[in-house]
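Residue numbers (the numbering used here): 1 to 860.
Yeah, the Cβ is synthetic: ideal placement off N, Cα and C, and Gly gets one too.
Source: prediction; values computed, not measured.
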Amino acid sequence: MRLCMIYWLIVLTFSGISMAFDNHAQILEKKFTIVLHNATFTEALTKVSETTGIKFAYSSNVLHVPEKISIKAEDVTLRVIFQKLFVSQGIEYKVRESDNTVFLKNREAEKGRASTEYPDDSHKQEGNITGRITDAGGFAMAGVNVIVKGTTNGTTSDKGGNYTVSAAETDVLVFSFIGYTPVEVSVNHRSIIDVTLEEDIHSLSEVVVNAGYYEVKNSERTGSIGRVSKEEIGKQPVSNPMQALQGRIPGVVVQQQSGVPGGGFVIRIRGQNSLRSDGNEPLYIIDGMPYSGSSFSGAASSEIIPNGNPFAALNPDDIESIEVLKDADATAIYGSRGSNGVVLITTKKGREEKSHVDIGIYSGFSTVPHFLDLLSTPQYLAIRKEALRNDKAEPGFLDPDLTFWDSTRYTDWQRELIGGTAYTTNATASVSGGNKDTQFLMGGGYFRQTTVFPGDFNDQKISGHVSVNHSPTGAKLGVNFSASYVFDNNNLLRNDLTRYITLPPNAPQVYTSDGSLNWENSTWQNPYAFLRKPYQGRTSNLISALSLRYEVIPGLYLKSNFGFTDTQVREFSAFPIGTDDPAYSIKTAISVFSNSSIRTWNVEPQADYNKQIGKGTLNVLVGTTFLSNTRTGTDVEASGYTSNAVLEDIMSAASLSVIGSKDVTYRYNAVFSRINFNWDKKYLLNLTARRDGSSRFGPEKRFANFGAIGAAWIFSNEDFLSDSELFSFGKLRASYGVTGSDQIGDYQYLDTYQPFYNTYQGQTGIVPARLANATYSWETNKKFEAALELGIFKNALQVSASYFRNRSSNQLVGLALPSITGFTSIQSNFPAIVQNSGVEIEVQSTNLKRQDSFGLRLST
């Protein structure tokens, strides 16, 4: 009851904030800065709408301004801007302040009509027209504009897609929504008109993608960036956001290490760049905050997930989009951390709309779709005997299937061990809303998934997410805050039972008559022993980000990102009495307790400047990064338990020993910059540079420089192709640059020591583990790419082909000196080269009427 009251208190508080920021001031007296150069009238309206937050309503056949528009208005009232933009063009306007909508009309076009006055909301019509608006998939569309053509009389659809508007029998209704093709429908004496809107494929190239420190239109990017949207993620019943990338972005290989809930993933972007197995992980960024892709688990981890799974602590339903940066142009701005590519995860934000609640729930089940065709018992025994005869050998004690086990017994171990049904349940709920000044979103979710193995093994997650954006119209300061929390409770097997599905079909029974495990006189490894060895991993994960943005002068913004993550992992595993072969005479039990912690804070002050230069747009970004990451952990083995009932009580053990510990701090500092120039939306140049310093490198190689250059030519905007019916979009782009990697471990350049496993006079000593190397330094990756992108038949068919070549220089552990513990390693200065290249081809086609799509992706 208390939690329920707190929940609704927070909801009402945010709703109050939303209402408190409603704008009832005179919008025409607010001051803004608008700079336009040779812009079309549509581009001018879009710019004003983005800057001021107002909406325009007009009829395209009545309102026609062929001349290009150039305006430079700095810190002036909207009334003055409208005077320059509309009145000078013979356009009249009217403001409806209830929703900040501006209605436009051409005076010349209206001459000769009975009345030139704007119709107000009380304008008498012959009747009300009602209906429902849906998309091509049949789903209701909220917020669609419905306007009587040639007038300012209109409305918007509600969350169910329903609308009501007053219109005459001879009027025409115009239905419009961003990203969809407008539709005009004649009333024609009807009172009910249902409409289906189709997605405007031509606008797909204008999708804005997240490039990390900046955003760029998809059509104007000079780098290689793949994107998976929330719609694609939402169509997949996945528990791990990395699963949503499988097969959807060329050049990105996502390999799941096991099929069980909570299993880890290996992600490789354009192949392998390092000979070290731990040096190929991409950089993960969540809302601007670096996120560790390394294992969270300790010594108590289940053997079925040997590398852990940090992304199990994320909720896919909280994600707005996932972008993958691949080439040097896109990744060099991340310097020494971008060599293996960058995965950017953006969480959902509130939207400008009335407060509403979204609730979603699904439940399903899954089974192994196909089993191997295995031999029957007689067939198996016949082949086994034939094999021994061919070797001129007789069955012995190493052949229990022929000498000791029942030759008439048959067990289908596939169906026995992986023939169960895995159930999945996912429930989410969120409340969001706001106005043009403030938007909020708050939600939570519950997820549970079981396995196909026998027994009650499952992965459960409880999550929460909150986001608040506040950027008042005309104000200089903007604030964005988001936070996500996930608690994951993972109860898995200690081993992968799939390795036992090929047991002989006449293998012994699993249990004896008294219910204990059957070891059949030590002639086999009973797979059901693992069902009695418990494991439990509890992970709590907090990710928070705060962004501040302040406009110093028109075009110059100072901003800073602040981030903090805190991941706590508590694990328990046990080897109870009775789960080992009695021949080993093990009379006591063992438990292992692991506690791990990862805390990271990140601060990134930045300055962003935009300037219109003739037909071009110049953008300059300069910033710096301060990051600190601390990882601590302890693994304790408790032994000597005489009862399985107290295995989770560490104080009930006869003896305790620390089998592992860590306390590692990683610090990182960088200065970065980006210069982007866009001339006439045809010729693009992008320069990025970064200087990095990392605590992982020796004092003589602590800092290094990285950078890239990218260029693109949008030839479809040239005059000779502007009216082409075949090519709706065409672009050539290329990039070259140097990125790096610091995934080489901490303190590797220092003299390090480790405890000696033997004692001397009752004392534990230490021995050398690694010798110092002052030049221990960076891995570098030189990347080149060239690509062609085409949109054919109004982008109904989109083709992208690219060639890339990567050349990585690595440092290896090449020498070892003998010591009393075996060998002491030395980091060598001999470079190792890893080269990979390939071609990526992507073809996409969309049928507007059926909203079907298919893709062909080939990569090497």
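Check, Outcome
"Identity of the residue in Asn526, Tyr557 and Ile650 nearest valine 479 by Cα", "Tyr557"
"Contact under 9 Å by Cβ, isoleucine 69 with phenylalanine 41", "yes"
"Cβ contact (3+ pairs, closer than 8 Å) linking the segment 652-662 and the segment 688-706", "no"
"Beta-bridge partners of leucine 542, as assigned by DSSP", "Tyr485 and Asp566"
"Extent of the continuous alpha helix (DSSP H) run through lysine 47", "41-52"
"Own chain, CB closer than 6 Å to threonine 579, minus 5 neighbours either side, in chain order", "Ala529, Arg532 and Lys533"
"Start-to-end residues for the alpha helix (DSSP H) that takes in proline 378", "377-390"
"Residues that DSSP places opposite alanine 429 in a beta bridge", "Ile359 and Gly444"
"Residues of its chain near serine 336, where Cβ-Cβ distance is below 7 Å and the 5 sequence neighbours each way are ignored", "Asp692, Ser694, Ala704, Phe706, Gly740, Ser741, Asp742 and Trp778"
"Candidates Ser628, Pro369, Ala832 and Ala57: closest to arginine 667 by CA position", "Ser628"
"Those runs of the alpha helix (DSSP H) which lie wholly inside the segment 296-351 and span at least 4 residues", "328-331"
"C-alpha gap between glutamine 449 and threonine 425, whole angstroms", "7 Å"
"Residue from Ser597, Glu198 and Asp171 whose Cα sits closest to the Cα of valine 183", "Glu198"
"For valine 468, the nearest candidate out of Arg351, Lys385 and Leu314 (CA to CA)", "Arg351"
"Buried/exposed call for alanine 382, threshold 16 Cβ in 10 Å", "exposed"
"Pairwise C-alpha distance: threonine 151 and aspartate 121", "Low per-residue confidence applies at aspartate 121: pLDDT is 41, beneath 50, and the placement is therefore not dependable enough to give any value."
"Coil, strand or helix - tryptophan 519 by DSSP", "coil"
"C-alpha distance - serine 560 paired with valine 343, whole-angstrom precision", "21 Å"
"Contacts around valine 368, its chain only, beta-carbon distance under 8 Å, and the 5 residues preceding and following it disregarded", "Gln414, Ile418, Gly419 and Val452"
"C-alpha gap between glycine 864 and aspartate 194, whole angstroms", "No answer is possible for residue 864: it lies beyond the span of the chain, which begins at 1 and ends at 860."
"Spatial neighbours of glutamine 754 in its chain, beta-carbon cut-off 7 Å, leaving aside the 5 residues before and after", "Ile766, Val767 and Ala769"
"Residues of its chain near glycine 616, where Cβ-Cβ distance is below 8 Å and the 5 sequence neighbours each way are ignored", "Phe677, Asn678, Trp679 and Asp680"
"For valine 401, the first and last residue of its enclosing beta strand (DSSP E)", "Residue identity check: residue 401 is aspartate in the sequence provided, not valine. Segment 400-403 is the alpha helix (DSSP H) holding aspartate 401; no beta strand (DSSP E) there."
"Exposed unless 16 or more other CB atoms sit within 10 angstroms - verdict on arginine 221", "buried"
"Cβ contact (3+ pairs, closer than 8 Å) linking the segment 455-469 and the segment 432-443", "yes"
"Tryptophan 679 in three-state terms, based on DSSP", "strand"
"Bridge partner(s) assigned by DSSP for glycine 693", "Asn669 and Phe703"
"Extent of the continuous beta strand (DSSP E) to which arginine 631 belongs", "616-641"
"Three-pair Cβ contact test at 8 Å for the segment 595-609 versus the segment 630-641", "yes"
"Cβ-based burial, aspartate 358 [other Cβ within 10 Å; buried from 16]", "exposed"
"Cβ-Cβ separation, valine 834 to serine 274 (assumed contact under 8 Å), whole Å", "6 Å"
"Closest Cα partner of asparagine 153 within the set Ile129, Leu477 and Gln256", "Ile129"
"Contact the segment 374-394 vs the segment 500-516: 3+ CB pairs below 8 Å", "yes"
"Environment of serine 819 [buried if 16+ CB atoms lie within 10 Å]", "The predicted position of serine 819 is uncertain, since its pLDDT is 46 and thus under 50; a value taken from the coordinates is nonetheless stated next. Burial call: exposed."
"Beta-carbon proximity of tyrosine 214 to asparagine 644, cut-off 9 Å", "no"
"Cross-strand partners of methionine 242 (DSSP beta bridge)", "Beta-bridge pairing links methionine 242 to no other residue."
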